[in-house]
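Colleague: I am attaching a structure below and will ask some questions about it afterwards.
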Amino acid sequence: MGSERVKLDEPLSSHTTLRIGGPADLFYEAHNSGELIKAVRLARSFEVPVTIIGGGSNVLVSDVGVRGLVVKNCGGEMEIRERSLFGFKKHKALPIDPRWVGSEEGTMRYDFSDLDYDESEYPDVEVAIDSGVSLQAAMFNLFEHDITGLQWYARIPGTVGGAVFNNIHGGNHVFSEIVKDVVLLTKHGDVIKIPAKSMRFEYDTSRIHQSGEIVLEVVLNLKKGNVEKARAVADEWRRRKSSQPFNSAGCVFKNISEKDREILGYPTTATGYIVEHILNMTGYKVGGAMISPNHHNFIVNTGGATAKDYLAVRDEIVKRAKETIGMELEDEIIRMGEFNY
Ligand SMILES: Cc1cc2nc3c(=O)[nH]c(=O)nc-3n(C[C@H](O)[C@H](O)[C@H](O)COP(=O)(O)OP(=O)(O)OC[C@H]3O[C@@H](n4cnc5c(N)ncnc54)[C@H](O)[C@@H]3O)c2cc1C
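Going by our numbering, the first residue of the sequence shown is number 60, and it counts up by one from there.
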């Protein structure tokens, strides 16, 4: 792996959007699927536990950190498979920094339905992407090649592997709509390719939550579409979502179901609505962790927050939701490492 590339006691706060997290015993950045496979197999051969982190945009890492090896999956390649052309074109994915550009005009109600349109009339293009590629880099890079279909996920940080793991959602779309096949590293170290239908994709989940498999590559069904329109939609999507703070781990809780919304008589399924208007928790803060005033389903690190602070805020929301409306809120963030508190 290269001894100079393996770090000891690396603070994981440097590798999460929330800027929270204690040290990893061993830390290694894999720059492509080959390096990822090698690192995982080697660690397992020494019975060292392995944890994969992508963009660190959906995780709460424990204050005491993670034991064993943490592999940060970052980088890789894309391969565009256009049936009408001879052979494959290979393109290196460009890394981009998905920094949050603030906007006064961001809306609290994320209604994207007016931006939706049907792309089914356009020709199909298959694109194979290494799991460590940044989703935003992939989207911009594919626009350069007139390929559309990722615009619904504009401004979602993280890697393509993280998008598959969680079956991310953008407006009315879920990532599984465009997944054709997934290449996985199994717990036994085998590389397998499975069709999307075997991934057990549902809202915010996939089979990997249980199986512990590692996503190496995903083959997407995209379109040779109207790239100008897709760019405009991505820009507008980013503008509307600009009130979602990047010093967070994304939404803390899943949204409620349509059935529960009807029973409760709320105007939206957004959990942020409940936190703001029903539980009246605007500005609730423990240590450096605070409910974001811009989006009430986000807990932000205002500076120096610990995982313990974050969980104290999260637990208080859960408690009040249970007491006030009898609702069991479901976590969307993933905990990583040891939590004994
Ligand atoms: C500002 C902001 C906005 C967001 N908006 C949205 C949104 O609109 N919709 C949405 O769905 N999510 C959203 N998120 C959440 C998050 O960005 C996504 O879930 C993202 O796909 C996570 O990818 P990641 O690479 O950062 O994963 P990480 O946070 O690094 O990891 C998350 C989990 O995935 C696992 N994992 C990562 N890569 C792999 C792999 N290759 N193989 C196996 N397991 C893997 C990790 O072990 C971990 O358990 C948002 C987050 C932020 C901070």
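Built from N, CA and C at the ideal position, the CB exists for glycine as well.
Mind pulling the alpha helix (DSSP H) runs of 4 or more residues that sit fully within the region 211-246?
Modeller: The qualifying runs are 219-225.
Colleague: Between M349 and ligand 1, is there a pair consisting of the residue's CB and a ligand heavy atom that are separated by less than 7 Å?
Modeller: The answer is no for M349.
Colleague: List the whole-angstrom C-beta distance separating R297 from L338, where the pair is believed to meet the contact cut-off of C-beta under 8 Å.
Modeller: With 8 Å as the limit, R297 and L338 do not qualify as a contact, their Cβ atoms being about 29 Å apart.
Colleague: Have a look at the DSSP bridge pairing and note the partners of F312.
Modeller: Its beta-bridge partners are D390.
Colleague: Can you determine whether any heavy atom of ligand 1 sits closer than 7 Å to the C-beta of H228, and answer yes or no?
Modeller: Yes, ligand 1 has a heavy atom inside 7 Å of this Cβ.
Colleague: At a cut-off of 7 Å, is S190 close to ligand 1 when judged by its beta-carbon and the heavy atoms of the ligand?
Modeller: Result yes, Cβ under 7 Å from ligand 1.
Colleague: What does a CB cutoff of less than 8 Å around A255 pick up in its chain, not counting 5 residues either side in sequence?
Modeller: Here the set comprises S235, V238, K239, D240, V241.
Colleague: Less than 7 Å between C-beta atoms, sequence neighbours within five positions excluded: which residues of the same chain meet that for F312?
Modeller: These residues qualify, in order along the chain: T330, N356, L388, E389, D390, E391.
Colleague: Considering only the alpha carbon of each residue, which of V192, I215, T76, S302 lies closest to L275?
Modeller: Here the closest residue by C-alpha is V192.
Colleague: In whole angstroms, what is the alpha-carbon distance linking M205 and C133?
Modeller: One point to set straight first is that residue 205 is Asp, not Met, in the sequence displayed. Taking the straight line joining both Cα atoms gives about 24 Å.
Colleague: Using only CA atoms, which one of H354, I322, R299 lies nearest to A213?
Modeller: Of H354, I322, R299, the residue nearest in Cα terms is R299.
Colleague: Taking 7 Å as the cut-off, is the C-beta of M258 nearer than that to any heavy atom in ligand 1?
Modeller: Not under cutoff, so the answer is no.
Colleague: Compare the beta carbon distance of V277 and V223 with 8 Å and say whether it is the shorter of the two.
Modeller: Yes. Within cutoff.
Colleague: What does the alpha-carbon distance come out to for the pair G362 and N117?
Modeller: Their Cα atoms are separated by approximately 18 Å.
Colleague: For F86, which of helix, strand or coil comes out of DSSP?
Modeller: Reduced to three states, the DSSP call for F86 is strand.
Colleague: What does a CB cutoff of less than 7 Å around R78 pick up in its chain, not counting 5 residues either side in sequence?
Modeller: For R78, where only same-chain residues beyond five positions count, the Cβ hits under 7 Å are S72, N306, N360.
Colleague: Answer yes or no: the CB of T218 versus the heavy atoms of ligand 1, is any distance below 7 Å?
Modeller: Checking the Cβ of T218 against ligand 1 gives yes.
Colleague: Are V65 and L95 closer than 8 Å when you measure CB to CB?
Modeller: Cβ atoms of V65 and L95: not closer than 8 Å.
Colleague: Quick check on the DSSP output: the beta strand (DSSP E) that includes G127 runs from which residue to which?
Modeller: It spans 125-132 - the beta strand (DSSP E) in which G127 sits, taken as one unbroken run.
Colleague: Once DSSP output is grouped into helix, strand and coil, what is the label at E136?
Modeller: Note: E136 maps to strand in three-state DSSP.
Colleague: What did DSSP end up calling A348 once you bin it into helix, strand or coil?
Modeller: Of the three classes helix, strand and coil, the one that applies to A348 here is strand, per DSSP.
Colleague: Looking at the secondary structure, which residues open and close the beta strand (DSSP E) in which N280 lies?
Modeller: Looking at the DSSP string, the run of the beta strand (DSSP E) that includes N280 is 273-282.
Colleague: So, with DSSP's three-state summary, where would you put V107?
Modeller: If DSSP states are grouped into helix, strand and coil, V107 belongs with coil.
Colleague: Could you name the residues that DSSP lists as bridge partners for N117?
Modeller: Answer is none; N117 lacks a bridge partner.
Colleague: Using DSSP with H/G/I as helix, E/B as strand and the rest coil, what is T166?
Modeller: For T166, the predicted model reports a pLDDT of 28, less than 50, meaning its position is unreliable; a value from the coordinates is still stated below. DSSP places T166 in coil when its eight states are reduced to three.
Colleague: Closest to H74 by CA distance: which of R103, L101, L119, S92 is it?
Modeller: Nearest option by C-alpha distance: L119.
Colleague: Can you tell which of E203, I273, L370, T328 has its C-alpha closest to the C-alpha of G347?
Modeller: The candidate whose alpha carbon is nearest that of G347 is L370.
Colleague: If you reduce the DSSP assignment to three classes, tell me which class I206 lands in.
Modeller: The answer is coil: DSSP assigns I206 none of H, G, I, E or B.
Colleague: When burial is assigned at 16 or more other CB atoms within 10 Å of the CB, is L281 buried or exposed?
Modeller: It is buried - the Cβ of L281 has at least 16 other Cβ atoms within 10 Å.
Colleague: Grab me the residues of M198's own chain with a C-beta within less than 8 Å of its C-beta, minus the 5 sequence neighbours each way, in chain order.
Modeller: So the list reads L209, Q210, Y212, A213, A293, once near-sequence residues are dropped.
Colleague: What do you reckon, is the C-beta of N132 under 7 Å from a heavy atom of ligand 1?
Modeller: True, at least one ligand heavy atom lies under 7 Å from that Cβ.
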